[in-house]
Amino acid sequence: SDLGPIEYPPGEHRLQHPYCLWFSKRPSQIQGSQGYSQALRLVGQVGTVEQWWALYSHMVRLQDIPAHRDLHLFKKGIKPMWEDSANKKGGKWVIRLRKEQAGKAWENLCMAMLGEQFMAGNEICGVVVSTRYQEYLLSIWNRTASDQATTARIRDALKRLLNIPPSATMEYKTHNDCLK
Amino acid sequence: GTRIVYEKNFLMNLRNSPSSK
């Protein structure tokens with residue numbers, strides 16, 4: 039699950055952090071975290087804006103991905119799992135959107151993270167889109183769930199950057215709650 | 172050090188540049 043060092047071609051626009059894109063199919067409850075880990079597939083990695091758009095343009099459109107799949111864009115070195123040391127004290131904002139609203143919001147969410155628009159220091163770990171039947175869930179994971187000032191700042195930035203409809207629900211969940 | 176910050180419009184412009192095709 040490592041694609042080796044990131045390449046930075048001359049002339050391309052370097053990102054603050056390199057990121058990895060992962061894909062997974064939701065395992066059944068019975069498989070637990072081991073099943074989840076095995077279900078994760080590393081799709082690609084990006085270190086520059088140009089590499090991001092090249093990867094993005096090769097991705098299947100969100101509306102065409104079957105239900106119960108997750109796409110995860112995480113900083114290189116952080117696995118998109120609760121158990122990763124960067125995540126175990128963390129949490130996530132979850133936004134529920136109708137399917138037709140999700141594509142643009144996901145694109146905005148990725149751009150906001152890659153462009154360091156959250157002003158949250160090194161708190162951001164990654165973002166996830168989860169496909170369901172009628173709705174899609176967007177999540178942004180941060181390192182420290184107990185840091186209320188930062189989680190509030192991330193929430194406010196999400197509202198500003200994603201153009202999400204006022205009707206969309208947002209809730210914060212700690213990973214610890216999810217593990218219980 | 173300085174953070175590398177990109178706004179949405181800047182990223183969108185690079186999306187359509189020939190080098191990212």
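Protein sequence lines, in the order shown, are assigned to chains A and B. FYI, in my numbering the residues of the first sequence are 39 to 218. FYI, in my numbering the residues of the second sequence are 172 to 192. Note that CB positions come from ideal geometry on N, CA and C, so glycine has one too.
Residues near residue i by beta carbon distance below 6 Å, same chain, minus five either side
i	result
Arg156(A)	Note on identity: in this sequence residue 156(A) is Phe, with Arg being the wrong assignment. For Phe156(A), where only same-chain residues beyond five positions count, the Cβ hits under 6 Å are Ile162, Ile192 and Ala195.
Leu93(A)	Gly82 and Val84
Ser177(A)	Lys130, Val132 and Val166
His106(A)	Arg64
Thr169(A)	Ile103, Ala105 and Arg107
Range covered by the alpha helix (DSSP H) that runs through residue i
i	result
Trp144(A)	Lys137 to Leu152
Asp194(A)	Gln186 to Leu200
Asn125(A)	It is not in any alpha helix (DSSP H) - Asn125(A) carries neither H nor E in the DSSP assignment.
Phe181(B)	Lys179 to Arg186
Residue i, buried or exposed, once every other Cβ within 10 Å from all chains shown has been counted against 16
i	result
Val98(A)	exposed
Asp108(A)	buried
Asn180(B)	exposed
Lys192(B)	Low local confidence applies: a pLDDT of 44 at Lys192(B) is under 50, so the model's placement there is unreliable, and no value is given.
Gly159(A)	exposed
Cys216(A)	exposed
Tyr13(A)	In the structure as shown, chain A begins at 39 and stops at 218. Residue 13(A) is therefore absent and cannot be evaluated.
Arg181(A)	buried
Tyr174(A)	buried
Ala190(A)	exposed
Enclosing beta strand (DSSP E) for residue i [first to last residue]
i	result
Val167(A)	Ile162 to Thr169
Lys113(A)	Arg107 to Lys113
Ile178(A)	Glu173 to Asn180
Met208(A)	Thr207 to Thr212
Neighbour flag for residue i against chain D, beta carbons, 7 Å
i	result
Ser62(A)	Although the question refers to chain D, the structure presented lacks it and instead comprises the protein chains A and B.
7 Å Cβ shell around residue i - same chain, five flanking residues per side excluded
i	result
Lys126(A)	Trp120 and His213
Cβ-based neighbour list, residue i, same chain, cut-off 8 Å, excluding 5 preceding and 5 following
i	result
Ala206(A)	Ile133, Arg134, Leu135 and Gln139
Ile116(A)	Asp122, Ala124, Asn125, Cys163 and Gly164
### Complete beta strand (DSSP E) runs within the stretch 39 to 103 of chain A (minimum length 3 residues, chain order)
The stretch 39 to 103 of chain A contains these whole beta strand (DSSP E) runs: 52 to 63 and 79 to 86.
### Query
Closer than 7 Å, Cβ to any Cβ of chain B: which residues of the stretch 85 to 102 of chain A, in chain order?
Those would be Val87, Glu88, Trp91 and Ala92, in chain order.
### Message
Counting only Cβ-Cβ distances shorter than 9 Å, please list the residues of the stretch 140 to 153 of chain A near chain B, keeping chain order.
### Response
For chain B, the residues of the stretch 140 to 153 of chain A that bring a beta carbon within less than 9 Å of one of its beta carbons are Asn146, Met149, Ala150, Leu152 and Gly153, in chain order.
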